[in-house]
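Residues in the sequence shown are numbered from 7 upward in steps of one, following the working numbering.
Don't be surprised by glycine CBs; every beta carbon is placed ideally from N, CA and C.
Keep in mind the model is a prediction, meaning the values are calculated, not measured.
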Amino acid sequence: MFIETNYLSQIRTPDFPPPVVTPEPAVEHPVAMLSDDEKAELAMMACAHIHDLDDEADRVHDENVRRRRLEYHIKQSPNVLPLPSQNRSDTPVEQDQISHTA
7 MFIETNYLSQ
17 IRTPDFPPPV
27 VTPEPAVEHP
37 VAMLSDDEKA
47 ELAMMACAHI
57 HDLDDEADRV
67 HDENVRRRRL
77 EYHIKQSPNV
87 LPLPSQNRSD
97 TPVEQDQISH
107 TA
């Protein structure tokens with residue numbers, strides 16, 4: 007016959023007092039201390055800032071799209087317009103050399 011024993015009940019633990027937990031003092035959120043007019047002004051400032059960030063993100067996105075389209079166009083027709091990194095001259099061109107060739 008098998009007798010099941012609970013081994014956890016046989017483990018002795020020292021009698022420590024329970025930890026003392028002191029509640030944190032309630033701190034009112036700084037926005038809660040503002041008047042209704044100040045809260046409305048703060049909300050309008052936050053919305054304006056979000057709109058500014060959104061406008062900036064749109065501007066950066068548009069610049070990136072234009073740059074990628076230009077790079078794609080340059081890759082498709084490399085002889086039409088060189089890349090700015092390739093648009094350098096190792097030898098300076100004199101003004102009268104240009105006038106003779108024109």
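Item: Starting from M50, trace the alpha helix (DSSP H) in both directions and tell me its first and last residue.; Value: 42-82
Item: Whose CA, out of P23, E30, K45, lies closest to the CA of V37?; Value: K45
Item: Put V37 into one of helix, strand or coil per three-state DSSP.; Value: helix
Item: Excluding the 5 residues preceding and the 5 following F22 in the sequence, name in chain order all residues of the same chain whose CB lies nearer than 6 Å to its CB.; Value: none
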